[in-house]
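Peer 1: Pasting a structure below so you can have a look.
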Ligand SMILES: [Zn+2]
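Residue numbers (this note's numbering): 45 to 302.
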């Protein structure tokens, strides 16, 4: 009997540990609450390109040039510290019709150990920096590396943000080439996918975003060859882009399916 209850406890412990691990580390996991990781696959075949960790002079501006030439609107999840350094580039992202989301102030990778105060500050400070540069109040938040904890989810909700991750990634946060990025993403993308790319460098990293920048044009061409048109993240998901914008209709349907 004792042995039986010990076994029961052990199995329960493993299940709880598994659920917590899944909830924290899997970008698509919803263990800790509502997370959007893909958009609608209905209707026209569309995907959303999302760029993280900018704005970065020499990278974000070149990405914007290419998106402009190809007539594509994307989403940029910005790091607050980088926004304060590049307010004009931040303003340009918004002025050219792209979507801006919050990606924390410091992009601290060990932030999953942070508590309520840490997360409220990380998100609040970044919102303030973005609002100062653009006049816009972000309604979308993406946690660094896709990690989620109850503290992160609560801080995001407190600021009125939906939490958005991705379901397709280029693995361009590490050393790579434009060819590899395109090969990793384009043949495996389907309607409704949220694609993760990087136009920026984490404040404590030496990563070079050059491969990602050079991949933008061939990637968009390859997606279009497959019949997939990149649209803005809010268009793909039905999510409200900014806190002052009205809640679009149809969002609840999408949320219940993701
Ligand atoms: Zn990031």
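All C-beta atoms in this analysis are idealised placements derived from N, C-alpha and C, irrespective of residue type, glycine included. This structure is a prediction, so every number in the text was calculated from the model and none was measured.
1) Please classify residue 194: does DSSP put it in a helix, a strand, or coil?
2) Counting C-beta neighbours from all protein chains within 10 Å, is the total for residue 221 16 or more, i.e. buried, or is it exposed?
3) Inspect the CB distances between the segment 193-211 and the segment 152-166 and report whether three or more fall short of 8 Å.
4) Just to confirm the assignment: which complete alpha helix (DSSP H) runs, minimum length 4, are found wholly within the segment 178-253?
5) Using the C-alpha atoms, what's the distance from residue 164 back to residue 109?
6) Verify the contact flag: residue 253, CB atom, against every heavy atom of ligand 1, threshold strictly below 7 Å.
7) Are the beta-carbon atoms belonging to residue 125 and residue 273 less than 8 Å from one another?
8) For residue 255, collect the residues of the same chain with a Cβ closer than 7 Å to its Cβ; drop the 5 residues on either side in sequence, then sort them by chain order.
9) Where does residue 154 sit, in a helix, a strand or coil, going by DSSP?
10) Can you list, in chain order, every residue whose CB sits closer than 5 Å to a heavy atom of ligand 1?
11) With a threshold of 6 Å on Cβ separation, who are the neighbours of residue 213 within its own chain once the five nearest residues in sequence on each side are excluded?
Peer 2: Put simply:
1) helix
2) exposed
3) yes
4) 194-202, 222-229
5) 34 Å
6) no
7) no
8) 216, 220, 221, 222, 225
9) helix
10) 96, 97, 188
11) 240
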